[in-house]
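Residue numbers (the working numbering): 399 to 743.
Yeah, the Cβ is synthetic: ideal placement off N, Cα and C, and Gly gets one too.
Have a look at the structure below, then the notes.
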Ligand code: PMV
């Protein structure tokens, strides 16, 4: 008999970025992010315990069999079998889709792997297999997600979370993310994110290669110190309800992420001319108007415009007057802070 487990999980945006990793998907520095509302991957696992051959049959993305995805998931499952050996005896098929446009440059690996990890954690429960003893369900899902894509560990929790060990949050871990919403005042529930899609082309250099270029990076040591300082600034900014400090940290971290790419060997860049234009316009608007808005970048050319609900009118006007000539409204994805994953079967 074939059974199904389906989970829906969001992507996330890091304010303090994770860049560079060690063996076993251990981050070189701790990061803090929030999950995005409105956007999600939905991943269905179909499984059968009665078919003798175990392993992944095939994987489909947006309804189509996808060989690259199948290969990536097979590799991923090889890692999962180390902690969940019973899974290797089970026949699986995976069907995943995103509700945001494919190629929009939104990291779907975080939402996709976290939805899949939730499915695997549920499967372990259904089969009464003891996987990662001592951890609660969300920690298990976060650990399993981390094995697929580091940042996916942070898509498991609603609101804000930290991933990577830091003295600032005693319960933080390199192995799974830890939710920090209790430390965050309600003004941050009003955080909005309009994603300005500059490029739909695949990245010239993947994040996997980018992480690798952080090994022996000339600024690697400095980056770790900077991330720790920015985490302190962020934590203080959050608790003081200092939305400007929050935005400044987001911007500095994004610029630093891209500076690390430029200074790698070989150096590279993922931003486009429009990315730079948008960043300048956003800064100028903040300086001229005093409106609390700023930008964040992921490993790509798209710009996340961060703002707060109280400034909706001013932001709408700004988008219309200054942003749309460079990035028209059909290239905007409207999001905000999200409420996390849910099981939907
Ligand atoms: O999770 P990965 O391996 O795709 O790494 C992505 C890291 C960034 O998105 C660039 C930064 C972050 O912390 O999310």
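Measure the beta-carbon distance from residue i to residue j and round it to whole angstroms, keeping in mind my assumption that it falls under 8 Å.
{"i": "residue 481", "j": "residue 447", "result": "Actually they are not in contact, since the Cβ atoms of residue 481 and residue 447 sit about 19 Å apart, beyond 8 Å."}
{"i": "residue 693", "j": "residue 663", "result": "Actually they do not touch by this definition, with Cβ atoms about 27 Å apart."}
{"i": "residue 513", "j": "residue 441", "result": "4 Å"}
{"i": "residue 430", "j": "residue 558", "result": "6 Å"}
{"i": "residue 418", "j": "residue 618", "result": "7 Å"}
{"i": "residue 550", "j": "residue 608", "result": "The Cβ separation is near 16 Å, so there is no contact."}
{"i": "residue 721", "j": "residue 594", "result": "7 Å"}
{"i": "residue 746", "j": "residue 546", "result": "No answer is possible for residue 746: the residues shown for the chain start at 399 and end at 743."}
{"i": "residue 624", "j": "residue 566", "result": "15 Å between Cβ atoms; not a contact."}
{"i": "residue 492", "j": "residue 443", "result": "6 Å"}
{"i": "residue 597", "j": "residue 508", "result": "The pair is not a contact, with the Cβ atoms about 19 Å apart (cut-off 8 Å)."}
{"i": "residue 527", "j": "residue 484", "result": "5 Å"}
Does the beta-carbon of residue i, which I'm using as the reference point, lie nearer than 6 Å to any heavy atom of ligand 1?
{"i": "residue 415", "result": "yes"}
{"i": "residue 607", "result": "no"}
{"i": "residue 507", "result": "yes"}
{"i": "residue 363", "result": "Because the chain in this structure spans residues 399 to 743, residue 363 falls outside the shown range and cannot be described."}
{"i": "residue 412", "result": "yes"}
{"i": "residue 451", "result": "no"}
{"i": "residue 697", "result": "yes"}
{"i": "residue 597", "result": "no"}
{"i": "residue 448", "result": "no"}
{"i": "residue 548", "result": "yes"}
{"i": "residue 429", "result": "yes"}
Check your understanding: Do three or more CB pairs link the region 626-635 to the region 535-542 at distances below 8 Å?
Key -> no
Check your understanding: Between the region 733-741 and the region 423-438, do at least 3 Cβ pairs fall closer than 8 Å?
Key -> yes
Practice item. Tell me the start and end of each unbroken beta strand (DSSP E) in the region 524-589 that is at least 3 residues and wholly inside, in chain order. Key: 558-561
Check your understanding: Touching or not, the region 652-671 and the region 568-583, by the rule of three or more beta carbon pairs under 8 Å?
Key -> no
Check your understanding: What are the uninterrupted segments assigned as alpha helix (DSSP H) that are 4 or more residues long and contained completely in the region 691-728, given in chain order?
Key -> 710-716
**Study point:** Stretch-stretch touch, CB-based, cutoff 8 Å, three pairs: the region 677-693 with the region 637-646
**Key:** yes
Review point. Taking the runs of the beta strand (DSSP E) that are 3 residues or longer, which of them lie wholly in the region 619-677?
Key: none
Point to revise | Every unbroken alpha helix (DSSP H) within the region 429-484, with a cutoff of 4 residues, ordered by chain | key: 465-481
Point to revise | the region 461-473 touching the region 669-678, judged by at least three CB pairs closer than 8 Å | key: no
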